[in-house]
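Colleague: So that you can map any letter, position 18 of the sequence shown is 17 in numbering that gives the first Met the number 0, and since no number is skipped, the others follow by simple counting. All residues carry an ideal CB built from backbone N, CA and C; glycine is no exception. Quick one: structure below, then a few questions.
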Amino acid sequence: MRKILAFLMLFMALNLVAGEQMQIILKNKNGEFGVVLDDTKVARSFATQLPLTLNLEDYANHEKVARLKTPLDTSEAPRGADGKKGELSYFAPWKNFVIYYGYQPYYDGIVRLGEILGDIDKVAIDGEVTIELISR
């Protein structure tokens, strides 16, 4: 029993040291793209909805958006944020999932979810995207 407990304690410590991150994958007609989600309540709320298939549309010539069926938990989120190229966000007032391919100045209701690893120009396209959780 002591060996099992020691192993579990070592495993938990290694995860804390390694800074384990939630990772998701976005799939569209251009390929598959990794995303590292932030360690926030809203990002965890998003992860619980996965897998998802969404239809992205352009908005304001700097972001791709799709409405989520279920709102995310923003109870611990800041009031707003800016949107930077390569980020995933949530626009709480409209329940929109957002991929920024350009810059959005600070706006109330924007909540960052994470960062895309890869070529944003291939990720941020109109059309269907499938989003899956690959690690918690």
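Can you name the start and end residues of the beta strand (DSSP E) that K121 belongs to?
Modeller: Here residue 121 corresponds to residue number 122 of the sequence shown, with the count starting at 1. Note, K121: premise wrong, no beta strand (DSSP E); alpha helix (DSSP H) at I119 to V122.
Colleague: Counting only the same chain and skipping the five closest in sequence on each side, list residues whose C-beta sits under 8 Å from that of I124.
Modeller: Within the sequence shown, residue 124 is the residue found at index 125, counting from 1. N27, K28, N29, L55 and K63, listed in sequence order.
Colleague: Helix, strand or coil for I130? Go by DSSP, reduced to three states.
Modeller: For the purposes of this step, residue 130 is taken as residue 131 along the sequence shown, with counting starting at 1. Three-state DSSP puts I130 in a strand.
Colleague: DSSP three-state call for P104: helix, strand or coil?
Modeller: The residue given as residue 104 occupies position 105 in the sequence shown. Three-state DSSP puts P104 in a strand.
Colleague: On the three-state DSSP scale, how would you describe S74?
Modeller: As a working note, residue 74 is residue 75 in the sequence shown. Of the three classes helix, strand and coil, the one that applies to S74 here is coil, per DSSP.
Colleague: State the DSSP-derived secondary structure class of K63, mapped to helix, strand or coil.
Modeller: As a working mapping, residue 63 is identified with position 64 in the sequence shown. Three-state DSSP puts K63 in a strand.
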